[in-house]
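In the UniProt record's numbering, the protein residues as written are 1 to 196. Note that beta-carbon positions come from the ideal geometry of N, C-alpha and C, so glycine has one too. What follows is a short report on a single structure.
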């Protein structure tokens, strides 16, 4: 048995097989999935595939975090369902970590639902959520004016003045919880990280 981890962009002949593997876990249109896979580069984002005897059995996607230049976000990790529990996920994760070290990154962040034990065995610890989309709520809030904007009219009862000085509205009521498994919400994501 031969195992090899390679970047998908250097082996485009595996794009269709990789797309099928990922869509078995998370269904998405083939066009959208292929677009995402073809964005892979030598830096980030990168899609790495695990080949077993030249057959795609695993995939991991690493993306930039615009606000943390020395880190990346592991967006997804998938191993063929028939081959899970045999150590292939660990092999792919170790190679992804090596890839990140070669890019001189120091931390890998990820989010998971239900796979916390797997990642903990690899040295990942729980952490605060991180956004791969850049910016944060505190930056947005700090950019708002701290005092009402002066209106050019002398009328202090204008609608613009009253909007700025009003407190925010209360949050909406919580939804009614039904005991229907089909409508149950998924468990919240757990964010994890590892310094590499």
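Quiz prompt | Three-state secondary structure (DSSP) of residue 49 | solution = strand
Quiz item: Under a Cβ-count criterion, where at least 16 other Cβ atoms within 10 Å of its own Cβ denotes burial, should residue 125 be classed as buried or exposed?
Solution: Exposed.
Quiz prompt | Counted within 10 angstroms of its Cβ, other Cβ atoms place residue 139 as buried (16 or more) or exposed | solution = Because residue 139 sits at a pLDDT of 30, beneath the cut-off of 50, its placement in the model cannot be relied upon, and the following sentence gives the value as read from the coordinates. With fewer than 16 Cβ atoms within 10 Å of its Cβ, residue 139 is classed as exposed.
Quiz item: By DSSP, does residue 191 sit in helix, in strand, or in coil?
Solution: strand
Quiz prompt | Simplified DSSP state of residue 43, which is helix, strand or coil | solution = In this structure, residue 43 counts as coil in the three-state DSSP scheme.
Quiz item: In whole angstroms, what separates the C-alpha of residue 202 from that of residue 130?
Solution: Only positions 1 to 196 of the chain appear in this structure, which leaves residue 202 out of reach.
Quiz item: Is it right to say residue 89 is buried, meaning 16 or more other beta carbons lie within 10 angstroms of its own, or is it exposed?
Solution: buried
Quiz prompt | the segment 50-69 contacting the segment 1-11, beta-carbon criterion three pairs below 8 Å | solution = yes
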